[in-house]
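In full-length UniProt numbering, the protein residues as written are 1 to 267.
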Amino acid sequence: MSPEVKMVGLSGNERLAILQGCPGVPGATGPKGEPGAEGMTGTFLSPEGESTLDGAKNCKELLAKGNIMSGWYTIYPHDCNAMTVLCDMDTDGGGWIVFQKRADGSVDFFRDWNSYKRGFGSRLSEFWLGNDNIHLLTSFGINELRIDLTDFDNNHAFAKYKSFKILGETENYKLILGDFLGGNAGDSLSGHNNMLFSTKDRQQDPGSNKCATTYKGAWWYSSCHNSNLNGMYWLGAHSSFADGVNWQAGKGYNYSYKRSEMKLRPV
Numbered sequence: 001m002s003p004e005v006k007m008v009g010l011s012g013n014e015r016l017a018i019l020q021g022c023p024g025v026p027g028a029t030g031p032k033g034e035p036g037a038e039g040m041t042g043t044f045l046s047p048e049g050e051s052t053l054d055g056a057k058n059c060k061e062l063l064a065k066g067n068i069m070s071g072w073y074t075i076y077p078h079d080c081n082a083m084t085v086l087c088d089m090d091t092d093g094g095g096w097i098v099f100q101k102r103a104d105g106s107v108d109f110f111r112d113w114n115s116y117k118r119g120f121g122s123r124l125s126e127f128w129l130g131n132d133n134i135h136l137l138t139s140f141g142i143n144e145l146r147i148d149l150t151d152f153d154n155n156h157a158f159a160k161y162k163s164f165k166i167l168g169e170t171e172n173y174k175l176i177l178g179d180f181l182g183g184n185a186g187d188s189l190s191g192h193n194n195m196l197f198s199t200k201d202r203q204q205d206p207g208s209n210k211c212a213t214t215y216k217g218a219w220w221y222s223s224c225h226n227s228n229l230n231g232m233y234w235l236g237a238h239s240s241f242a243d244g245v246n247w248q249a250g251k252g253y254n255y256s257y258k259r260s261e262m263k264l265r266p267v
């Protein structure tokens, strides 16, 4: 399944590496050609080795294959379907797939259900990888979750969770979250465990509070939220309540972070 994230170029130290994926179905056998001239007898060197594929299922496998630079890569998570993802090869041992990024406010995140389903944004700045893609990536094995936050004074904070997955669209991309493992940002996501995903045109918070509209985001709202990383991009402190890129355990409901990244990695 290929994402519909808009990829518009490369910058900085990011690079796009296209790796060989799974082989396709063999084509029909062609007609036999005329015999060629007899060649010279070669020298026997060694037995033929095992055939291998260069394609990887995730960023962790890419890192193990020697791809040590953070950037955009093509992976093959399931049934040889290609997906282009941002790999963080530097943070906490590397091998992370970044599925959400806020950086400069250049992309509108107050979008509808179909936009979040497909994914949107620019690889130069901000994006959401797409709920269908995130569901696919978290459907196999156990994946841990890391959230990295940077404020406007360039102070960094993070939170880690033991496991993370979202269910499919028929189950409204329900969040299944493991235990909070620690981090100086504190825990502002556990309260959203088992919640359904909500957008401005499909609001599914249990209290029918229309959280997505009220707090101008899209999230696993729970009457309403402890975090809102897809909220409005305010420049730090803001007078409006809880409608920014907020992480309550970190800097509260009236501070919007400069940068946020949500990323997953197989355990």
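Cβ atoms here follow ideal geometry from the backbone N, Cα and C, with glycine treated the same way.
Short of 6 Å from the beta carbon of N131, and not among the five residues preceding or following it, lie these beta carbons of its own chain, in chain order: Y116, K117, Y173. Here L235 is exposed: its Cβ has fewer than 16 other Cβ atoms, across all protein chains shown, within 10 Å. For I97, the closest C-alpha among the options D108, L136, V107, D79 is that of L136. With 16 or more neighbouring CB atoms inside 10 Å of its own CB, N230 falls in the buried class. H225 sits buried, since 16 or more C-beta atoms from the chains shown fall within 10 Å of its C-beta.
For A249, the enclosing alpha helix (DSSP H) starts and ends at 248 to 251. With respect to the 8 Å criterion, K162 and L181 are classified as neighbours on the basis of their beta carbons.
With three or more CB-CB distances shorter than 8 Å, the segment 242 to 258 counts as touching the segment 142 to 159.
Using a Cβ distance threshold of 8 Å, W128 and Q100 count as a contacting pair. Nearest to F110 by alpha-carbon distance, out of L145, P266, K263, T214, is T214. Beta-bridge pairing by DSSP links K101 to F127, E261. With fewer than 16 other Cβ atoms from the protein chains shown falling within 10 Å of its own Cβ, F140 counts as exposed. By the neighbour-count criterion, in which 16 or more other beta carbons inside 10 Å mark a residue as buried, A64 falls on the exposed side. Taking 3 residues as the minimum length, the beta strand (DSSP E) runs contained wholly in the segment 170 to 250 are 175 to 177, 180 to 182, in order along the chain.
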